[in-house]
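Number of protein chains: 2
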Amino acid sequence: MNFKLIFLLLLTTLCRADDGYRLWLKYDLIKDATKRAAYARSAQFIVLNSTNPVLKTAADELQTGLQGLLGKTVPIVANAGGKTGGILLTTSPVAELTNEGYRITGKQNITITGKTDAGVLYGAFALLRHLQTRQSIDRLSLTSNPKIQLRMLNHWDNVDASIERGYAGQSLWKWYELPERIDPRYRDYARANASIGINGTVVNNVNASSRFLTAEYLQKVAALANVFRPYGIKIYLSIYFPAPKTIGKLKTADPLDPEVNQWWVDKANEIYKLIPDFGGFLVKANSEGQPGPQDYGRNHADGANMLAKALAPHNGIVIWRAFVYKADGISDRFKAAYDEFKPLDGQFEKNVIVQVKNGPIDFQPREPFSPIFGTMPQTPLGMEFQITQEYLGHATHLVYEAPLFKECLESDTYAGGRGSTVAKVVDGSLHNYKLTAIAGVANTGSDRNWTGHPLTQANWYAFGRLAWDHTLTSQAIANEWVTMTLTPEPQSVKTVTDLLLKSREIYVNYNTPLGLSRPWTGAHFAPEPWQNRSSRPDWTAVYYHRADSIGLGFDRTVKGSQALAQYRPEVQKQWNNPETCPLPYLLWFHHVPWTQKLNTDRTLWEELCTRFYTGAESVGGMQNEWASVKKDIDPETFANVAGRLATQQKEAIWWRDAWVLYLQEFARQPIPAPFKKPDRTLQEVKELVDIYQLR
Amino acid sequence: MNFKLIFLLLLTTLCRADDGYRLWLKYDLIKDATKRAAYARSAQFIVLNSTNPVLKTAADELQTGLQGLLGKTVPIVANAGGKTGGILLTTSPVAELTNEGYRITGKQNITITGKTDAGVLYGAFALLRHLQTRQSIDRLSLTSNPKIQLRMLNHWDNVDASIERGYAGQSLWKWYELPERIDPRYRDYARANASIGINGTVVNNVNASSRFLTAEYLQKVAALANVFRPYGIKIYLSIYFPAPKTIGKLKTADPLDPEVNQWWVDKANEIYKLIPDFGGFLVKANSEGQPGPQDYGRNHADGANMLAKALAPHNGIVIWRAFVYKADGISDRFKAAYDEFKPLDGQFEKNVIVQVKNGPIDFQPREPFSPIFGTMPQTPLGMEFQITQEYLGHATHLVYEAPLFKECLESDTYAGGRGSTVAKVVDGSLHNYKLTAIAGVANTGSDRNWTGHPLTQANWYAFGRLAWDHTLTSQAIANEWVTMTLTPEPQSVKTVTDLLLKSREIYVNYNTPLGLSRPWTGAHFAPEPWQNRSSRPDWTAVYYHRADSIGLGFDRTVKGSQALAQYRPEVQKQWNNPETCPLPYLLWFHHVPWTQKLNTDRTLWEELCTRFYTGAESVGGMQNEWASVKKDIDPETFANVAGRLATQQKEAIWWRDAWVLYLQEFARQPIPAPFKKPDRTLQEVKELVDIYQLR
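Going down the list, the sequences are from chains A and B. The working numbering numbers the first residue of the first sequence as 4 and each following residue consecutively. The working numbering numbers the first residue of the second sequence as 4 and each following residue consecutively.
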């Protein structure tokens with residue numbers, strides 16, 4: 004090895020005590036000299052003959068990545084000058100490519116082709132990923148088109164830098180510093196998103212502040228947009244529906260009032276003067292106390308269309324959330340969104356997307372798919388997943404979410420017969436939507452490693468990869484992420500990938516098995532199945548689990564809330580009958596007797612205990628597997644994860660004890676062998692939870 | 004230069020794009036080869052013959068620092084074995100040294116002597132500082148003893164990771180992760196504090212949560228204490244006075260109730276089992292709505308003594324805050340602390356310290372010293388300074404606080420005749436206190452650079468240095484900090500030092516000149532001199548400035564609130580008469596006619612305008628001076644500060660306009676030449692402020 008190489012190796016070792024900041028864009032030197040040389044032969048120069056900012060980003064990112072991986076500076080030149088062994092960046096109207104798609108072909112030169120500049124950028128990152136995962140570049144031929152047009156992050160970030168449901172520090176956006184100071188981190192945020200194909204971001208909370216539409220704040224938003232633009236990322240804003248009153252000083256925000264309409268038209272013009280490629284508005288209206296068109300006797304379409312008309316001349320879009328439920332909280336909350344939106348199908352403007360949460364309730368550890376999917380053929384339905392772990396153990400519990408996302412996307416709505424998956428609704432292929440979108444509620448924050456728990460960077464990564472191509476497997480994505488982020492050592496990659504893949508099922512087992520749910524208020528992250536007081540019945544725990552002397556679960560059949568009727572007959576058929584209803588959804592749809600034998604040959608009570616105990620026990624297994632990869636993981640990252648797993652173990656037992664001790668008072672049965680009864684009493688668990696609600 | 008050196012130089016350049024995390028402990032390689040060689044000759048090895056953890060820290064810190072500064076690994080050995088050219092660490096009962104003092108002498112070997120292990124640690128950091136500031140080590144002879152015993156940070160950090168009055172991110176303490184995960188940052192926090200002699204830290208907000216006294220949380224606190232211990236730092240807790248009720252389930256928290264007393268005795272025993280060197284309790288009671296002994300008809304001494312008796316067997320102390328004022332808000336808030344505490348002098352247990360804010364109101368940009376200092380000879384009075392910039396422009400405005408701290412410490416109370424400075428009260432020399440303490444409300448947070456504004460790291464540093472030795476000059480401290488943190492280049496050191504030294508006066512000029520104050524609620528960081536509505540009169544702006552058609556200012560003479568009577572006659576004599584009252588305090592004590600000629604030969608109105616305009620203008624000057632040091636400053640740091648100065652410039656004009664336009668309505672006079680009237684109207688400024696209070 005020559006001096007330079009020694010130096011670079013030392014450099015990598017010495018100044019890269021890994022604090023996780025670099026995410027999956029680490030680009031550490033490839034240690035295998037043969038492989039490094041092979042790659043180097045095909046990456047002697049980068050050819051870019053354009054001043055397009057996005058193409059320039061592509062070239063710069065390639066250069067940065069290659070500098071790290073190969074330990075040499077690869078020049079960017081305007082033309083190959085007959086030489087071979089270079090990487091050519093070019094846009095051309097290739098038939099097989101959609102707007103943002105890319106094609107990578109390798110002969111004497113590697114050519115990255117996109118129909119648009121963004122396509123080339125995604126191709127550049129794809130090539131880097133190819134090298135980061137140590138794949139062969141002989142006869143390189145990769146073609147990929149995104150299946151969904153708008154691939155977005157939603158940030159529930161507030162003006163005071165707090166993040167609603169954020170567990171990784173404060174907001175990335177420093178509103179008090181903008182526009183004068185540009186935190187270098189804004190650019191790194193854009194890089195990470197572009198590398199996985201995310202092309203839009205809503206920077207403020209859906210429970211929105213009016214401030215963002217003031218001239219003062221639009222300057223700040225514009226400064227962010229300028230940083231994101233060269234990475235092909237458009238900026239969007241959540242709006243406060245009554246803004247025409249709060250900052251426009253109008254008497255009303257009625258969507259049918261001409262003055263209100265004009266106010267939004269003027270505001271849109273003002274925004275696009277500052278941000279010519281502004282994406283549009285995200286709207287939470289008449290939901291959880293947020294004002295909206297219904298306050299004026301109008302409906303969601305009236306509200307959305309008013310905004311859509313103001314944005315249309317600028318090609319902006321309106322993303323209107325379907326997360327609504329009756330304030331009365333009497334009727335089954337499950338049914339609210341379907342009841343309010345299905346009748347409006349076909350009444351929305353062309354530049355409106357209705358954004359639907361994956362499940363009918365609220366980002367629970369496991370939910371059946373929302374019955375809206377497949378029922379609004381004339382209205383583009385976007386998917387809203389939650390990457391941040393509101394109900395998944397915050398930044399403490401390890402839950403790799405790709406399996407959760409896939410489970411929903413692959414669910415069959417039967418809207419157009421068998422195989423009409425939710426994915427086909429969202430990617431537009433089922434109803435031939437002209438607009439398609441998918442959003443993830445971000446888990447990013449100001450923590451140095453972005454996501455708090457080092458391993459849940461994988462959820463941000465997985466969301467982006469699935470937004471681009473929902474046919475990728477959870478395993479393939481995990482494998483990529485681990486290799487690029489933690490270690491390229493095959494055995495450890497396998498171990499950590501397995502750990503990720505099983506993590507969600509383990510969490511569900513000790514947290515909400517068999518279709519239990521927990522959208523309760525209070526400590527929110529702590530077990531409170533006994534929670535029965537709230538300003539609304541549907542904000543208590545007992546509203547959902549309905550435990551009584553007979554059994555457990557929410558009857559949503561015809562004998563119950565009849566929510567099941569919102570699904571296609573084929574779906575109803577599977578889920579209507581407790582005998583055939585898949586166990587993961589059992590208590591979502593049925594009130595099952597404690598003594599009922601399940602197809603596991605255990606009674607409900609026995610099965611519940613088995614899940615709670617084995618789930619909690621499995622965390623110990625995850626700790627052991629993590630311990631086994633120590634030699635291949637950066638020490639700081641290793642210790643960080645080990646510490647969080649220890650806390651998860653403690654809290655998993657806490658959840659187990661809370662549930663079994665509480666439910667036992669209804670089931671009135673002993674803990675079945677071989678499981679030992681908890682060391683603590685229900686009262687003791689309650690006191691433990693109370694500590695976390697002390698002033 | 005040999006290979007290793009090239010390597011190290013490259014290393015420093017390449018992996019030290021300076022994000023400010025390393026504070027003043029950067030230890031970058033000394034570029035001057037001659038100087039480096041000279042230092043190296045006297046630092047060939049470190050001799051430590053002890054397993055004492057604090058001494059081990061001293062040796063390790065020396066090794067780390069020398070590794071960076073000299074670019075070589077200096078071995079730690081058990082004895083010199085006759086060799087010379089080493090650094091010897093030793094404890095011995097030297098007469099000239101107090102417990103934590105150190106002596107550094109250099110002949111064939113450099114010897115660092117402390118009476119205690121902590122003294123050696125402080126000596127080690129002193130030697131490093133000596134090298135960092137490039138001073139000669141020939142005939143080295145440094146002796147230093149701390150003038151104050153307890154040198155503490157107070158963290159107003161909450162259990163939810165928010166920080167009351169914090170502007171640099173969230174709390175450093177990750178309570179949900181503790182005790183299982185130890186963030187490496189905890190240790191770096193301890194290192195930074197130990198390097199400036201801070202030996203105690205209160206980790207939670209004075210508006211305290213009961214949680215910290217639960218078994219669950221004490222485990223977490225103990226884990227932090229274990230990290231701090233090897234750095235000679237004791238941990239303290241703020242307590243919630245009614246804890247015996249909230250977590251002890253007692254019926255009362257009456258300090259004279261035997262059960263309550265027993266509860267605290269038991270709690271103290273529980274704490275010391277976990278944390279043998281626990282420091283003690285900090286208490287905010289009967290202040291701003293916090294409960295306290297007065298709720299039971301008892302006084303502050305009753306409350307403090309109950310706690311003191313519980314802690315005494317463990318050598319713990321009680322720090323009882325004097326920041327109290329009548330809830331009625333009718334009488335002059337200025338007088339409250341003096342009125343409540345002076346009568347209690349001599350009634351406190353020996354292990355109680357009464358902690359007094361520097362000024363009588365609340366950390367204003369400029370206040371006269373609190374009249375309590377010098378009036379309680381039998382009660383140790385500790386100083387409470389605020390490092391975080393609650394009223395000093397948060398993390399946006401540059402205010403170097405050493406001059407503010409010094410101004411108070413050097414004020415003469417005349418308690419024992421001329422020269423009875425506040426410093427002599429606090430360091431115990433005036434009244435011969437057996438306990439002495441000084442606390443700074445921390446400006447640290449989770450921001451990568453610890454303090455948000457890169458240059459206000461200097462305030463943390465300056466507080467620590469002054470806590471150790473209040474006779475150091477603001478300039479000497481600034482000079483040290485700039486050299487160690489930003490650049491050792493003399494010209495730039497001088498420029499930035501000057502910038503720091505003038506910054507506070509510039510801020511006062513555009514923010515609260517001539518003794519104006521602004522402890523108002525509302526946007527809190529924004530100008531609101533018009534603010535006249537609040538739940539209490541003394542929480543409005545008009546309560547303080549008292550602007551009317553005649554003039555401006557709060558009359559605290561015999562004709563007014565008579566607060567001046569709380570000072571010694573010699574002090575009253577200077578301040579009673581508006582003719583002789585120093586201009587900086589004028590409006591603190593007098594209601595002055597707009598047309599009154601001041602000794603500047605300008606009327607009050609003219610002088611006010613002059614201060615507001617020249618103050619705002621001076622920020623432009625600071626921008627220019629900062630621009631002039633660009634070549635010597637890390638690019639990221641340079642841009643960061645430049646951006647904040649630009650925002651400060653914008654906001655300084657905002658403050659100027661708000662004040663002059665508002666006061667003009669009372670003064671009814673034009674803006675005097677050469678100043679131009681603001682471009683905006685008062686209404687426009689109000690609307691700008693309102694934006695920052697929009698939902």
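The beta-carbon is built from N, C-alpha and C at its ideal position, and this holds for glycine as well.
Self-check item: Cβ neighbour criterion (16 or more within 10 Å) applied to Q138 (chain B)
Solution: It is exposed - the Cβ of Q138 (chain B) has fewer than 16 other Cβ atoms within 10 Å.
Practice problem: Rounded to whole angstroms, what's the CA-CA distance from F10 (chain B) to K38 (chain B)? Just pull it up for me. | Solution: In this prediction, F10 (chain B) has a pLDDT of 49, which is less than 50 and means its spatial position is unreliable; what the coordinates show is noted afterwards. About 19 Å.
Quiz item: Is the beta carbon of G385 (chain B) sitting closer than 8 Å to the one on I201 (chain B)?
Solution: Judged by beta-carbon spacing, I201 (chain B) lies beyond the 8 Å limit of G385 (chain B), meaning their Cβ atoms are not closer than that value.
Quiz item: Quick one: is A197 (chain A) near chain B, going by C-beta distance under 8 Å?
Solution: A197 (chain A) does not count as touching chain B.
Quiz item: Which word fits T16 (chain B), buried or exposed, when buried means at least 16 other C-beta atoms lie within 10 angstroms of its C-beta?
Solution: Confidence at T16 (chain B) is low in this model, with a pLDDT of 45, below 50, so the placement of that residue is unreliable and no value is reported for it.
Quiz prompt | Cutoff 7 Å; reference L8 (chain B); Cβ partners in own chain excluding five residues on either side | solution = Caution applies to L8 (chain B), whose pLDDT of 48 falls short of 50 and renders its modelled position unreliable; the value that the coordinates give is listed next. The beta carbon of L8 (chain B) lies closer than 7 Å to those of G74 in the same chain, with the five residues before and after it left out.
Self-check item: Residues of the region 626-650 of chain A with Cβ closer than 7 Å to any Cβ of chain B, in chain order
Solution: Residues of the region 626-650 of chain A that bring their beta carbon within less than 7 Å of a beta carbon in chain B comprise E639, N643, G646, R647, A649 and T650, in sequence order.
Practice problem: Name, please, each residue of chain A whose Cβ falls closer than 8 Å to the Cβ of L691 (chain B). | Solution: Those within 8 Å of L691 (chain B) in chain A are E219.
Exercise. Measure the C-alpha to C-alpha separation of A171 (chain B) and Q534 (chain B) and round it to an integer number of angstroms.
Key: Going by the C-alpha atoms only, they are around 27 Å apart.
Exercise. Give the interface partners of R247 (chain A) over in chain B, defined as CB-CB distance under 7 Å, in chain order.
Key: The residue asked about is misnamed: residue 247 (chain A) is Pro in this sequence, not Arg. What P247 (chain A) touches in chain B, judged by beta-carbon distance under 7 Å, is nothing: the nearest beta carbon there is about 14 Å away.
Self-check item: A529 (chain B) burial status per 10 Å Cβ neighbour count (16 or more: buried)
Solution: It counts as buried.
Exercise. Examine chain B for any beta-carbon lying closer than 8 Å to the beta-carbon of L697 (chain A), and answer yes or no.
Key: Answer yes: the Cβ-Cβ gap between L697 (chain A) and chain B drops below 8 Å somewhere.
Quiz item: From what residue to what residue does the beta strand (DSSP E) around I509 (chain B) run?
Solution: Where I509 (chain B) is concerned, there is no enclosing beta strand (DSSP E), although the alpha helix (DSSP H) around it starts and stops at P493 to N514.
Exercise. Report the residue from B:T249, B:A36, B:Q111 and B:Y24 whose alpha carbon sits nearest the alpha carbon of L697 (chain A).
Key: Ranking B:T249, B:A36, B:Q111 and B:Y24 by Cα distance to L697 (chain A) puts B:T249 first.
Quiz item: Quick one: what does DSSP say I375 (chain B) is sitting in, helix, strand or coil?
Solution: If DSSP states are grouped into helix, strand and coil, I375 (chain B) belongs with coil.
Quiz prompt | Chain-ordered neighbours of E183 (chain A) on chain B, where CB pairs are closer than 8 Å | solution = Simply G646, R647, A649, T650 and K653.
Exercise. Tell whether a beta-carbon distance below 8 Å holds between A442 (chain B) and Q358 (chain B).
Key: Yes; because the gap between Cβ atoms is below 8 Å, this pair is in contact.
Self-check item: Cβ neighbour criterion (16 or more within 10 Å) applied to R507 (chain A)
Solution: Under this definition R507 (chain A) is a buried residue.
Quiz item: Which same chain residues, not among the five before or five after K409 (chain A), have their C-beta less than 6 Å away from its C-beta?
Solution: Excluding positions up to five away in sequence, the list reads S477.
Practice problem: Could you spell out the range, first to last residue, of the alpha helix (DSSP H) harbouring Y243 (chain B)? | Solution: Unbroken run through Y243 (chain B): none, as it is neither H nor E.
Exercise. With 8 Å as the threshold, decide whether the Cβ of E180 (chain A) is near any Cβ in chain B.
Key: Cβ-Cβ to chain B under 8 Å: yes for E180 (chain A).
Quiz item: Apart from the five residues just before and just after D558 (chain B), which ones in its own chain have a Cβ nearer than 8 Å to its Cβ?
Solution: For D558 (chain B), where only same-chain residues beyond five positions count, the Cβ hits under 8 Å are R549, S564, F592, H593 and H594.
Quiz item: Taking the C-alpha atoms as reference points, what is the distance between G319 (chain A) and L691 (chain B)?
Solution: Cα to Cα, G319 (chain A) sits roughly 28 Å from L691 (chain B).
Self-check item: Unbroken beta strand (DSSP E) run spanning K360 (chain B), endpoints
Solution: Residues V355 to K360.
Quiz prompt | Which listed residue (B:Q626, B:V123 and B:L475) has its alpha carbon closest to that of R106 (chain B) | solution = Per the Cα distances, B:V123.
Quiz prompt | Exposure label - T54 (chain B); buried when at least 16 CB within 10 Å | solution = Taking all protein chains in view, the Cβ of T54 (chain B) is surrounded by fewer than 16 other Cβ atoms within 10 Å, so the residue is classified as exposed.
Quiz item: Between the C-alpha atoms of L28 (chain A) and G68 (chain A), what's the straight-line distance to the nearest angstrom?
Solution: One Cα belongs to L28 (chain A), the other to G68 (chain A), and the distance between them is close to 8 Å.
Self-check item: CB contact below 8 Å: R451 (chain A) versus chain B
Solution: Yes - at least one Cβ of chain B is within 8 Å of the one on R451 (chain A).
Quiz item: When the Cβ atoms of the region 202-221 of chain A are set against those of the region 90-98 of chain A, are three or more pairs found closer than 8 Å?
Solution: Taking 8 Å as the limit for Cβ pairs, the verdict is that the region 90-98 of chain A does not touch the region 202-221 of chain A.
Exercise. Could you have a look at E620 (chain B) and say whether DSSP puts it in helix, strand or coil?
Key: Residue state, collapsed to three classes: helix.
Quiz item: What are the residues of the region 208-237 of chain B that lie near chain A, defined by any Cβ-Cβ distance shorter than 8 Å?
Solution: Result list: S212, S213, R214, T217, E219 and Y220.
Quiz item: Cα separation between N579 (chain A) and P587 (chain A)?
Solution: Pairing N579 (chain A) with P587 (chain A), the inter-Cα distance amounts to about 14 Å.
Quiz item: When DSSP labels each residue in this structure, what does S520 (chain A) get in the three-state scheme?
Solution: It is coil, neither helix nor strand.
Practice problem: Please classify N157 (chain A): is it buried, with 16 or more other beta-carbons within 10 angstroms of its beta-carbon, or exposed? | Solution: Under this definition N157 (chain A) is a buried residue.
Quiz item: Whose C-alpha, out of B:F376, B:P279 and B:R336, is nearest the C-alpha of V539 (chain B)?
Solution: Note on residue identity: the sequence assigns Arg, not Val, to residue 539 (chain B). Out of B:F376, B:P279 and B:R336, B:R336 has the C-alpha closest to the C-alpha of R539 (chain B).
Exercise. Using a Cβ cut-off of 8 Å (strictly closer), state whether G172 (chain B) contacts chain A.
Key: Interface residue, yes.
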